[in-house]
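J.: Residue numbers for the sequence shown follow UniProt numbering, beginning at 1 and rising by one.
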Amino acid sequence: MRHLLPTLLCCASMLTGCSLFGYYKHEKPPWASPEESTKVQFLNSLEGGVRLTGPMMTALKVAMDDYLPPSTRAEDQKYPAGRCLAQWKYINATVFQASDDLFFVLFIPDLSHCGSGFIELDAGAEYAIDGAGRILAKR
Numbered sequence: 001m002r003h004l005l006p007t008l009l010c011c012a013s014m015l016t017g018c019s020l021f022g023y024y025k026h027e028k029p030p031w032a033s034p035e036e037s038t039k040v041q042f043l044n045s046l047e048g049g050v051r052l053t054g055p056m057m058t059a060l061k062v063a064m065d066d067y068l069p070p071s072t073r074a075e076d077q078k079y080p081a082g083r084c085l086a087q088w089k090y091i092n093a094t095v096f097q098a099s100d101d102l103f104f105v106l107f108i109p110d111l112s113h114c115g116s117g118f119i120e121l122d123a124g125a126e127y128a129i130d131g132a133g134r135i136l137a138k139r
């Protein structure tokens, strides 16, 4: 009888994966086929591109993970607006470095790609993030 509870917990964690304990495995990004990869020609220069520093990327990642957690899937959303807003391709982002230790990240959904009639009054968000990658405030 003493060993029944640990055995049941072990079996339950195997059936549900580690999600029972709050662990979620993130899927690796998809790669193109080798045939498609051979067609890619890298540019000689990326001049004119957007340059993000390491701290800026940290601030952006922290804000992205809070705004739209990696476990969020468009196909799991009930309504068409939710399915649209659960996809990064419909969200524009701005990162502003106010000081060495303060970053602002703004997300604004572009609902024009979601179809006609979508109105979301409270869909965007602005984050204040410190250099350690902590969210200081959100509005």
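All C-beta atoms, glycine included, are put in the ideal place defined by N, C-alpha and C.
These numbers were taken from a predicted model, which means no experiment stands behind them.
Can L52 and L60 be called in contact, C-beta distance under 8 Å?
T.: Looking up residue 52 in the sequence shown gives position 52. Looking up residue 60 in the sequence shown gives position 60. Their beta carbons are under 8 Å apart, which means L52 touches L60 by this criterion.
J.: Return the Cβ separation of A93 and F103 in integer angstroms, given the expectation that the two are a contact with Cβ distance under 8 Å.
T.: Walking along the sequence shown from the start, residue 93 turns up at place 93. Walking along the sequence shown from the start, residue 103 turns up at place 103. Not confirmed; about 12 Å, so no contact.
J.: If D122 sits next to D101, beta carbons under 8 Å apart, how far is it from one beta carbon to the other, in whole angstroms?
T.: Locating residue 122 in the sequence shown gives position 122, counting from the first residue. Locating residue 101 in the sequence shown gives position 101, counting from the first residue. That belief does not hold up - the Cβ atoms of D122 and D101 are roughly 29 Å apart, past 8 Å.
J.: By alpha-carbon positions, which one of Q97, K39 and A74 ends up nearest to Y90?
T.: By 1-based counting over the sequence shown, the position of residue 90 is 90. Measuring from the Cα of Y90, the nearest candidate turns out to be A74.
J.: I believe L85 touches P109 by the beta-carbon criterion, under 8 Å. Please report the beta-carbon distance rounded to the nearest angstrom.
T.: The count along the sequence shown starts at 1 and reaches residue 85 at position 85. The count along the sequence shown starts at 1 and reaches residue 109 at position 109. Going by Cβ atoms, the distance from L85 to P109 rounds to 6 Å, so yes, they are a contact pair.
J.: Who are the near neighbours of K28 in its chain, counting only those whose CB is closer than 8 Å to its CB and skipping five residues on each side?
T.: Working through the sequence shown from its first residue, we reach residue 28 at position 28. Excluding positions up to five away in sequence, the list is empty.
J.: Would you list the residues sitting across from Y127 in a DSSP beta bridge?
T.: By one-based count along the sequence shown, residue 127 stands at place 127. Beta-bridge pairing links Y127 to V105 and K138.
J.: Do you know how far the Cα of N44 is from the Cα of Q87?
T.: Position 87 of the sequence shown, counting from 1, holds the residue named residue 87. Position 44 of the sequence shown, counting from 1, holds the residue named residue 44. For Q87 and N44, the distance between alpha carbons rounds to 31 Å.
J.: Quick check on DSSP: helix, strand or coil for S112?
T.: Within the sequence shown, residue 112 is the residue found at index 112, counting from 1. S112 falls in the helix class under three-state DSSP.
J.: Ignoring anything shorter than 4 residues or poking outside the region 43–90, list the alpha helix (DSSP H) runs there in chain order.
T.: List check, alpha helix (DSSP H) in window: 54–67 and 80–85.
J.: First and last residue of the alpha helix (DSSP H) that includes P34?
T.: Counting from 1 along the sequence shown, the entry for residue 34 is found at position 34. Per DSSP, P34 belongs to the alpha helix (DSSP H) from P34 to T38.
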